[in-house]
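Residue numbers (our numbering): 16 to 132. Ideal Cβ positions, reconstructed from N, Cα and C, are used throughout, including at glycine. Here is the structure we will look at.
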Ligand SMILES: [Zn+2]
């Protein structure tokens, strides 16, 4: 259970760090928060545009949805997963299970855990 330990440790550490930054540099903190929100919005726009591109490409027959997951091979109606939202028509077709394990936050939180360990 060392993972759980390092996770809670990194969480506590992060919260303490945030509190310290707020006190030391309130303006800088607000600015960084603003930029982070802006980046999130831009990323979401890209994501939406990429999904729309896939819908259109499927509707027009430009691309075809396979009948199985490209990762585990399970027969299903897979979902389009973008590795890079700028490459709108480059997707990996994943079942719900595999897709859920490939969300944006997963690799980052994994990295945070490793760095905190
Ligand atoms: Zn799968």
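For residue 95, DSSP records a beta bridge to 108.
Burial state of residue 82 is exposed, judged by a 10 Å Cβ sphere holding fewer than 16 other Cβ atoms.
In this structure, the C-beta of residue 86 approaches ligand 1 to less than 7 Å from one of its heavy atoms.
In the DSSP assignment, residue 76 falls outside any alpha helix (DSSP H), carrying neither H nor E. Remark: fewer than three beta-carbon pairs, one from each stretch, lie closer than 8 Å, so the segment 59-77 and the segment 29-38 are not flagged as touching.
Here the C-alpha atom of residue 24 lies approximately 26 Å from the C-alpha atom of residue 52. Within the model, the alpha-carbon separation for residue 117 versus residue 58 is close to 16 Å. Within the DSSP bridge table, the entry for residue 90 names 83 as partners.
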